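Protein chains in written order, with my numbering: chain A, 1 to 113; chain B, 114 to 225. By construction, the Cβ of each residue, glycine as well, lies at the ideal position given by its N, Cα and C atoms. Just so you know, these numbers come straight off a predicted model, no measurement behind them. Notes follow once the structure below has been shown.
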Amino acid sequence: NAGVTQTPKFRVLKTGQSMTLLCAQDMNHEYMYWYRQDPGMGLRLIHYSVGEGTTAKGEVPDGYNVSRLKKQNFLLGLESAAPSQTSVYFCASKPDSSNTEAFFGQGTRLTVV
Amino acid sequence: KQEVTQIPAALSVPEGENLVLNCSFTDSAIYNLQWFRQDPGKGLTSLLLIQSSQREQTSGRLNASLDKSSGRSTLYIAASQPGDSATYLCAPWMDSSYKLIFGSGTRLLVRP
């Protein structure tokens, strides 16, 4: 049981480049989330999805786009990377709105130079 | 807007001590609350989930309590061990908003 898998684990980008982070879950969860974690600031919600084909903005959505074309995958895109987007990105999933746990991936460490 | 505060920000204790980590939140309209552990450079591991109708939840040496009305949750770690060294995060699940909101965490070091 793989759980929540993030690809890639590490990446270095130049300012202005684009990339897509992939989150895949094999637990048939409805809800998926993208967070970023910066020193001293905790985890902040970027975007989330409550089902296939749906997306919504979180606390810090600017500069990011997301897509949920398949239930098991949640993609986070950076169209034009900026140094301020240097961070560790975490994906999470949750079965639904009931009293169930959220599960996290191992993170993607992104550096924008 | 939900604000989550964790006190203390950092804690260093000798092995064997019993610990209390505190989490407070400003909006009591939460559905449940989840405690996580994060090891350096790693992802988050779920420790305990407390439903809003519960007052506490236990797993091994861990016990978490929840008081929705006062906006507080406490994680109690009994007989701490060096392997407990990690950052502990609390995250209330906001009622009707589908979101987990995180505190900044408590960084724990248990010295042998």
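Quick check: is the beta carbon of Tyr201/B nearer than 8 Å to any beta carbon in chain A? Chain A places no beta carbon closer than 8 Å to that of Tyr201/B, leaving this residue out of the contacts.
Checking contacts by CB at 8 Å: is Asn86/B closer than that to chain A? Residue 86/B falls outside the range modelled here, since chain B spans only 114 to 225, and no answer is possible.
By the criterion of Cβ-Cβ separation under 8 Å, what are the contact partners of Gly216/B in chain A? At a C-beta separation below 8 Å, Gly216/B has these neighbours in chain A: Gly42.
Kindly list, in the order they appear in chain B, the residues whose Cβ is closer than 8 Å to that of Gln106/A. By Cβ distance, chain B contributes Lys155, Gly156.
So which residues of chain A does Leu162/B contact, with C-beta pairs closer than 8 Å? Residues of chain A with a Cβ closer than 8 Å to the Cβ of Leu162/B are, in chain order, Asn99, Thr100, Glu101.
Considering Ser182/B, what are the terminal residues of the beta strand (DSSP E) in which it resides? Under the DSSP assignment, Ser182/B falls outside any beta strand (DSSP E); it carries neither an H nor an E label.
May I ask you to verify whether the segment 71 to 79 of chain A touches the segment 10 to 27 of chain A, counting CB pairs closer than 8 Å and requiring at least 3? Touching, per the Cβ criterion.
Residues bridged to Met19/A by DSSP? Bridge partners of Met19/A: Leu78/A.
Is the segment 59 to 72 of chain A in contact with the segment 156 to 173 of chain B, if contact means three or more CB pairs nearer than 8 Å? Counting Cβ pairs under 8 Å, fewer than three are found: no touch.
Go through its chain and collect everything with a Cβ distance to Arg44/A's Cβ below 8 Å, but skip five positions before and after it. Answer for Arg44/A: Tyr35, Arg36, Gln37, Asp38, Gly58, Glu59, Val60, listed in chain order.
For Ser125/B, which of Met207/B, Pro195/B, Leu213/B has the nearest alpha-carbon? Of the candidates Met207/B, Pro195/B, Leu213/B, the one whose C-alpha sits nearest the C-alpha of Ser125/B is Pro195/B.
List the residues of chain C that Leu45/A touches, going by C-beta distances under 9 Å, in chain order. Reference to chain C is not applicable here, since the protein chains of this structure are A and B.
By the three-class DSSP mapping on this structure, what secondary structure does Ser166/B have? DSSP places Ser166/B in coil when its eight states are reduced to three.
Expressed to the nearest angstrom, what Euclidean distance is found between the alpha-carbon atoms of Gly16/A and Thr187/B? Distance between the alpha carbons of Gly16/A and Thr187/B: 44 Å.
How far does the beta strand (DSSP E) with Leu132/B in it reach, from first residue to last? It spans 132 to 138 - the beta strand (DSSP E) in which Leu132/B sits, taken as one unbroken run.
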